[in-house]
Amino acid sequence: MNADSDLRCKIAKEAATLLYFGAEKEYKQAKLKAANTLGAHFLPTNLEVAVELDKIAEAHEGSARKERLVKMRKEALQIMRFLKEYSPILIGSVWRGTIRRGSDIDITVYHDVPDEILNFIKNRGVKISRTEWTTVNKKGKTEESFHVYVETASKQTAEIVVRSPDEADCKRKCEVFGDELKGLNVQELKRVLEENPAQKFIPA
63 MNADSDLRCK IAKEAATLLY FGAEKEYKQA KLKAANTLGA HFLPTNLEVA
113 VELDKIAEAH EGSARKERLV KMRKEALQIM RFLKEYSPIL IGSVWRGTIR
163 RGSDIDITVY HDVPDEILNF IKNRGVKISR TEWTTVNKKG KTEESFHVYV
213 ETASKQTAEI VVRSPDEADC KRKCEVFGDE LKGLNVQELK RVLEENPAQK
263 FIPA
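Each number in our numbering comes from the position in the sequence shown (counting from 1) with 62 added on.
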């Protein structure tokens with residue numbers, strides 16, 4: 063490993079440490095702060111930081127992390143089953159298998175009437191913590207989504223994101239890992255839990 067590669071690795075580890083312990087919330091800020099601390103003028107990729115972050119979580123949380131992942135995937139499946147008619151997809155760290163302390167369950171559904179989803183969830187007796195609209199601009203295109211935060215039986219937070227049906231067939235790139243944001247549908251998640259419940263879905 064040459065000097066630049068070694069420094070790049072150190073920056074990735076420092077950025078991951080900042081993220082894990084909550085000193086920074088966003089990858090970009092964590093990388094900039096880490097590079098500044100180490101006197102570097104270049105940044106590692108988000109993927110490099112994510113790999114280090116996964117290692118740190120594994121070192122600090124041990125076997126309990128895997129048990130919690132399986133439990134969160136089972137709870138995700140319960141939520142997705144009652145949302146089945148809306149074709150839910152599990153994404154985020156619970157899909158990836160890279161959870162850490164503070165991770166929540168992320169589920170996406172596609173529907174043009176968010177209130178219908180909200181009322182459907184309410185009628186199931188699920189505890190709703192809060193809701194919000196978010197707007198982001200990507201490549202000059204504005205994307206709106208409605209977020210419903212619910213509490214699971216084990217007090218985990220699950221975030222159900224309602225997106226426009228127009229986005230259902232659009233390929234989305236993961237900003238952290240750089241690959242396609244595929245996720246798992248109900249049948250795929252069920253199969254993972256049966257065959258390899260702690261399986262990871264990260265680029266090789």
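Each residue gets a CB set at the ideal place from its N, CA and C atoms; glycine is no exception.
In this text, all values refer to a predicted model and were calculated from it rather than measured experimentally.
Look at residue i and residue j and say whether their C-beta atoms are less than 8 Å apart.
i: I222; j: I264; result: no
i: T93; j: A112; result: At residue 93 the sequence reads Lys, which differs from the Thr that was named. Result no, Cβ atoms of K93 and A112 do not sit closer than 8 Å.
i: V248; j: R162; result: no
i: V210; j: I190; result: yes
i: E123; j: I167; result: no
i: L139; j: K252; result: yes
i: D240; j: I153; result: Here residue 240 is Gly; the residue named in the question, Asp, does not match the sequence. No, the pair does not count as a contact, with Cβ atoms beyond the cut-off.
i: L115; j: I73; result: no
i: K95; j: L80; result: yes
i: N108; j: V238; result: yes
DSSP three-state call for residue i: helix, strand or coil?
i: T160; result: coil
i: T170; result: strand
i: E86; result: coil
i: K235; result: strand
i: I151; result: strand
i: L246; result: strand
i: Q261; result: coil
i: D241; result: coil
i: A119; result: helix
i: G124; result: helix
i: F144; result: helix
i: V175; result: coil
i: N108; result: helix
i: N64; result: coil
i: L100; result: coil
i: A270; result: Since the displayed the chain opens at 63 and closes at 266, residue 270 lies outside it and no answer follows.
i: A230; result: coil
Out of the options, point me to the one whose CA is closest to residue i's CA.
i: G84; options: A215, Q218, S165, V238; result: S165
i: G187; options: D231, T197, T214, P176; result: T214
i: A260; options: R127, C236, V238; result: R127
i: A35; options: K203, S155, W195; result: With the chain running from 63 to 266 in the structure shown, residue 35 is simply not present.
i: H173; options: R192, E147, E194, T160; result: E147
i: R234; options: I151, C71, T79; result: I151
i: S216; options: M134, T204, V254; result: M134
i: W195; options: E120, F208, K75, L255; result: F208
i: D66; options: K117, A102, K75; result: A102
i: E205; options: I183, R192, E229; result: E229
i: V175; options: A266, N258, R225; result: R225
What number of angstroms, rounded off, separates the C-alpha of residue i from the C-alpha of residue j?
i: P27; j: E178; result: Because residue 27 is not part of the residues shown, which for the chain are 63 to 266, the question remains open.
i: Q218; j: L69; result: 37 Å
i: D231; j: N64; result: 43 Å
i: G159; j: V198; result: 26 Å
i: E110; j: N185; result: 43 Å
i: V254; j: K262; result: 10 Å
i: N181; j: C71; result: 48 Å
i: E256; j: S125; result: 19 Å
i: A119; j: K200; result: 30 Å
i: T193; j: I183; result: 12 Å
i: N98; j: K203; result: 33 Å
i: L243; j: L105; result: 23 Å
Please specify which runs of the beta strand (DSSP E), each continuous and at least 3 residues long, are wholly inside the stretch 177 to 226, giving them in chain order.
Within the stretch 177 to 226, the complete beta strand (DSSP E) runs of at least 3 residues are 189 to 200, 203 to 213, 219 to 225.
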